[in-house]
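Student: Under the UniProt record's numbering, the first residue of the sequence shown carries the number 1, and numbering increases by one thereafter.
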Amino acid sequence: MKIVKFGGSSLADAAHFQKVIDIISSDNNRRVVVTSAPGKRFTGDIKVTDLLITYANKVMSEKPYADIQNQIFNRYEQIGDAFNVSAAVLTSIHDKLLSLPNASYPNNDYLMAAFKAHGERLNAELFAACLTQSGIPANSSIQVKPALFSPMILTALQLTKQLIQT
Numbered sequence: 001m002k003i004v005k006f007g008g009s010s011l012a013d014a015a016h017f018q019k020v021i022d023i024i025s026s027d028n029n030r031r032v033v034v035t036s037a038p039g040k041r042f043t044g045d046i047k048v049t050d051l052l053i054t055y056a057n058k059v060m061s062e063k064p065y066a067d068i069q070n071q072i073f074n075r076y077e078q079i080g081d082a083f084n085v086s087a088a089v090l091t092s093i094h095d096k097l098l099s100l101p102n103a104s105y106p107n108n109d110y111l112m113a114a115f116k117a118h119g120e121r122l123n124a125e126l127f128a129a130c131l132t133q134s135g136i137p138a139n140s141s142i143q144v145k146p147a148l149f150s151p152m153i154l155t156a157l158q159l160t161k162q163l164i165q166t
């Protein structure tokens, strides 16, 4: 069994998704795929992780954020539409994206970490659906819970703060 990881530029749009699907289907031992959030599609484009950071910052500063929600969802929707992904999958992605501001976070570091993590989470869900639509049975098994990822992120933040102060 092989585990393969694809970065954001490899999963930036439907054409890149198809290239990754071709790579996976060329070797039956490639059974676990780790996805990043969609990256830049062209020079001047904004990667989804950066859009999620903007989204989180708008939520924290209590500024309107519907425009950024739409911009993020449109990236996933364009890819899903190219693979005829079901409306149920796209609705699930949309609902998770819209629910982020309503979740409870212990502090803004947790909020930011949760927003950023959703780039990978949502792309894993979409990629599994695209694989299935391409005749390769797949499922997404990413679970994002603050207790699972935040301690490491907070440790990194604490170390960064210490380095800045010295």
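Even for Gly, the Cβ is constructed at its ideal location relative to N, Cα and C.
Predicted model, so just to flag it, every value in this text is computed and none were measured.
When the Cβ atoms of the stretch 106 to 126 are set against those of the stretch 54 to 70, are three or more pairs found closer than 8 Å?
Tutor: Yes, they touch.
Student: Return the chain-ordered list of same chain residues with a C-beta closer than 6 Å to the C-beta of V33, the five sequence neighbours on each side being excluded.
Tutor: V4
Student: List in chain order: all unbroken beta strand (DSSP E) runs of 3+ residues lying wholly within the UniProt domain "Aspartate/glutamate/uridylate kinase" (2 to 141).
Tutor: 2 to 6 and 30 to 35
Student: Would you call the CB atoms of S25 and I136 closer than 9 Å?
Tutor: yes
Student: Excluding the 5 residues flanking L122 on each side, which residues of the same chain have their C-beta closer than 7 Å to its C-beta?
Tutor: Y76, I93, K96 and L97
Student: Count the other C-beta atoms from every protein chain shown that fall within 10 angstroms of the C-beta of K47, then say buried if there are 16 or more, exposed otherwise.
Tutor: buried
Student: For L131, which option in N84, N102, L52 and P101 has the closest C-alpha, if you only look at C-alpha atoms?
Tutor: N84
Student: So T35 packs on F6, CB below 8 Å; how close in whole Å?
Tutor: 6 Å
Student: If you check the beta carbons only, do I21 and S134 fall under 9 Å apart?
Tutor: It is a contact, given that the beta carbons lie within the stated cut-off.
Student: Nearest to L11 by CA position, among Q78, N107, Y110 and L90, is which residue?
Tutor: Q78
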